[in-house]
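K.L.:
Note that the protein sequences, when read in sequence, are chains G and H.
Just so we're on the same page, our numbering is the position in the first sequence counted from 1, plus 13.
Just so we're on the same page, our numbering is the position in the second sequence counted from 1, plus 950.
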Amino acid sequence: MGDVTDYVIETRALSKRYGRKLALDHLDLRIPRGRIHAIVGANGAGKSTLFRILMGFLPPSAGEARILGKDSQSLTPHDRSRIGFVNEEHTLASWMRVSQVAAMQQHQYPRWNQHAYDNVIGHYHVLPEQKVGQLSRGERAGFNLALALAQGPELLVLDEPTLGLDVVAKRAFLESLMYSNATDDCTVIYCSHQMEEIERVADNLIILERGQLRHMSAPEDFTARVSHWIADVPFKGPALHTVPGLLEMQQLDGLQHYLVLDQDEGFERFLREAGARNVQSMPVSLDRAVNAFLAKNHAAPNAA
Amino acid sequence: MARTRPLMLQIATGDPRPIIKQITDAVRVKIATGELESGDQLPSVRGLAQQLTINPNTVAKAYAELTTEGWLESRQSMGLYVAAPRQRLSDAERDRRLDMAIDHFIHDVVPLGFSPAEVQARVAHGLQQLAPRKRA
Chain G
14 MGDVTDYVIE
24 TRALSKRYGR
34 KLALDHLDLR
44 IPRGRIHAIV
54 GANGAGKSTL
64 FRILMGFLPP
74 SAGEARILGK
84 DSQSLTPHDR
94 SRIGFVNEEH
104 TLASWMRVSQ
114 VAAMQQHQYP
124 RWNQHAYDNV
134 IGHYHVLPEQ
144 KVGQLSRGER
154 AGFNLALALA
164 QGPELLVLDE
174 PTLGLDVVAK
184 RAFLESLMYS
194 NATDDCTVIY
204 CSHQMEEIER
214 VADNLIILER
224 GQLRHMSAPE
234 DFTARVSHWI
244 ADVPFKGPAL
254 HTVPGLLEMQ
264 QLDGLQHYLV
274 LDQDEGFERF
284 LREAGARNVQ
294 SMPVSLDRAV
304 NAFLAKNHAA
314 PNAA
Chain H
951 MARTRPLMLQ
961 IATGDPRPII
971 KQITDAVRVK
981 IATGELESGD
991 QLPSVRGLAQ
1001 QLTINPNTVA
1011 KAYAELTTEG
1021 WLESRQSMGL
1031 YVAAPRQRLS
1041 DAERDRRLDM
1051 AIDHFIHDVV
1061 PLGFSPAEVQ
1071 ARVAHGLQQL
1081 APRKRA
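1. Output, in chain order, the set of chain G residues within a Cβ distance shorter than 9 Å of H/Ala999.
2. With 9 Å as the threshold, decide whether the Cβ of H/Ile969 is near any Cβ in chain G.
3. Where does the unbroken alpha helix (DSSP H) through G/Asn100 begin, and where does it stop?
4. H/Ala999 by DSSP, collapsed to three states: which one?
5. Could you pull out every residue in the same chain whose Cβ sits closer than 6 Å to the Cβ of H/Thr954, ignoring the five residues on either side in sequence?
6. Ignoring anything shorter than 4 residues or poking outside the segment 123–185 of chain G, list the alpha helix (DSSP H) runs there in chain order.
7. Report the three-state DSSP secondary structure of G/Thr236 (helix, strand or coil).
8. Please classify G/Leu160 as buried or exposed, where buried requires at least 16 neighbouring CB atoms within 10 angstroms.
9. At what residues does the alpha helix (DSSP H) containing H/Gln1019 begin and finish?
10. Assign G/Glu210 to one of two classes, buried (16 or more other C-beta atoms within 10 Å of its C-beta) or exposed (fewer than that).
11. Can you give me the Cβ contacts of G/Ala215 inside the same chain, cut-off strictly under 6 Å, excluding the 5 residues immediately before and after it?
12. For G/Gln89 and G/Val256, what's the separation of their Cα atoms in angstroms?
13. On the three-state DSSP scale, how would you describe H/Leu987?
14. If we call anything under 9 Å between Cβ atoms a contact, is G/Val21 one with G/Thr200?
15. With distances taken from CA atoms, which of H/Val1069, H/Ile973, H/Arg1046 and H/Ile969 is nearest H/Leu1016?
16. Counting Cβ pairs closer than 8 Å, one from the segment 1017–1028 of chain H and one from the segment 1057–1066 of chain H, do we hit at least three?
17. Could you spell out the range, first to last residue, of the alpha helix (DSSP H) harbouring H/Arg1072?
18. Three or more C-beta pairs under 8 Å: does that hold for the segment 259–268 of chain G against the segment 234–245 of chain G?
19. Closest by CA to G/Ala308, which one among G/Leu274, G/Ala154, G/Arg30 and G/Arg290?
20. Flag this pair as touching only if the segment 133–140 of chain G and the segment 177–191 of chain G have three or more C-beta atom pairs under 8 Å; answer yes or no.
21. Have a look at G/Gln263, G/Ser112 and G/Asp84 and flag the residue whose alpha-carbon is nearest the alpha-carbon of G/Pro141.
22. Within 9 Å (strictly less), CB to CB, does G/Met229 reach chain H?
23. Sorted by chain position, which residues of the same chain lie with C-beta nearer than 6 Å to G/Lys83's C-beta, five sequence neighbours on each side aside?
24. How about G/Glu278: is its C-beta nearer than 9 Å to some C-beta of chain H?
25. The segment 255–279 of chain G: which residues have C-beta closer than 7 Å to a C-beta of chain H, in chain order?
26. Give the secondary structure of H/Arg957 by DSSP, where H, G and I count as helix, E and B as strand, and everything else as coil.
27. Please check the pair G/Gly146 and G/Trp108, which I expect to be a contact at CB under 8 Å, by giving their CB distance rounded to whole angstroms.
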């Protein structure tokens, strides 16, 4: 290990503007090499824009984006061959046969790893002579992952890869991702909205919101930041803007439920000072924590 | 050579306890109740990860925590084993934790309105269920 941390993705003050809207807002993101990193964010958080810029398909409005140490705006075909990309559409030429696509990729990528390909494709009932158009969604997902891993990428970007897959295909996909040797030397970026999967696969959780980095840590460390408090404050309770760390408040059966960020016992004091006689707190699940965190700033019509 | 003891455990996503903690809690209980005995070999990191469909690093972290706490020990390139039983906490710390647990328990139970005798009987029964079981 050198003293310089090696980042697979590094952006500095990266911005992308579409008309009046900032899709990326001075984004500073550094993803270290190795392991599986999950990126979550509400729709429109800027994930797709980020990857289009990183792959060099789109120029930034301002700032800098580097992928595998290279400026994303001047990637060579060789640089691109070090990056695998699987998106939710699993788009491939539908008229080609599976064997033809595989042969084409094998020809294109010098580091082609037939063993990795066989290993992953073996999870699926895909025959070489089948046309891509005849494969089911799950089979196409598996085929795509097999192609991407066989390419021997240093960085594998998966954008909602299991969207629309049935439970069996989903499990096969996760297994080939986590237990195939092909991913041993590969950094995986996993974009998903499915917390159940993120909990299973992610070493690192990255939360993007409105084009900015909002959080990065192990998933369990993020969950630990959020707590759920229930109190019986008389009347309507304290004015919401005075509640420290507030993510979400619900009034249920005369009790106030608060989901708050980064609060300790001091929050109990706050509630008691507001008149609560009973205060209880409990931890929340990752799903609930991320949900509350993202819901806080989710667009809503102006209150009447 | 010792064979790997199967680890009969399940994890749930969507639980407030992170998966690492679900694993460490379950292994500690299995050791405390004798379902796992000292010298038993644990599943490999990869094996348990596949059994639970989770990231192998998560299992590695859970195992590392259990090893640091003295529940498990690694034997050179042979894997992980349940360590010989020993007192893992100081007497004062054990006392403190017991007090804390009892305090919690009483707060939870008093509002339920059972008589103290009833509660004690149920606790005794519960503890009996956990008593080390003989293996077949």
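Don't be surprised by glycine CBs; every beta carbon is placed ideally from N, CA and C.
P.N.:
Reading off the structure:
1. Met191 and Tyr192
2. yes
3. G/Asn100 -> not in any alpha helix (DSSP H); beta strand (DSSP E) instead, spanning Ile96 to Asn100.
4. helix
5. Within the same chain, H/Thr954 has close Cβ partners Gln991 and Pro993.
6. 127–134 and 150–163
7. helix
8. It counts as buried.
9. As written in the sequence, residue 1019 of chain H is Glu, which differs from the Gln given in the question. Taken as a continuous stretch (DSSP letters only), H/Glu1019 belongs to no alpha helix (DSSP H), as it is neither H nor E.
10. With 16 or more other Cβ atoms within 10 Å, it is buried.
11. Ile49, Ala51 and Pro232
12. Rather than Gln, the amino acid found at residue 89 of chain G in this sequence is Thr. Their backbone Cα atoms lie some 51 Å apart in a straight line.
13. In the sequence as displayed, the identity of residue 987 of chain H is Glu instead of Leu. Three-state DSSP puts H/Glu987 in coil, outside helix and strand.
14. yes
15. H/Ile973
16. no
17. Pro1066 to Leu1080
18. Under the 8 Å Cβ criterion, the segment 259–268 of chain G counts as touching the segment 234–245 of chain G, having at least three qualifying pairs.
19. G/Leu274
20. Judged by Cβ distances under 8 Å, the segment 133–140 of chain G makes contact with the segment 177–191 of chain G, as three or more pairs qualify.
21. G/Ser112
22. no
23. Asp92
24. no
25. none
26. Per the sequence shown, the amino acid found at residue 957 of chain H is Leu instead of Arg. Correct three-state label for H/Leu957: coil.
27. 6 Å
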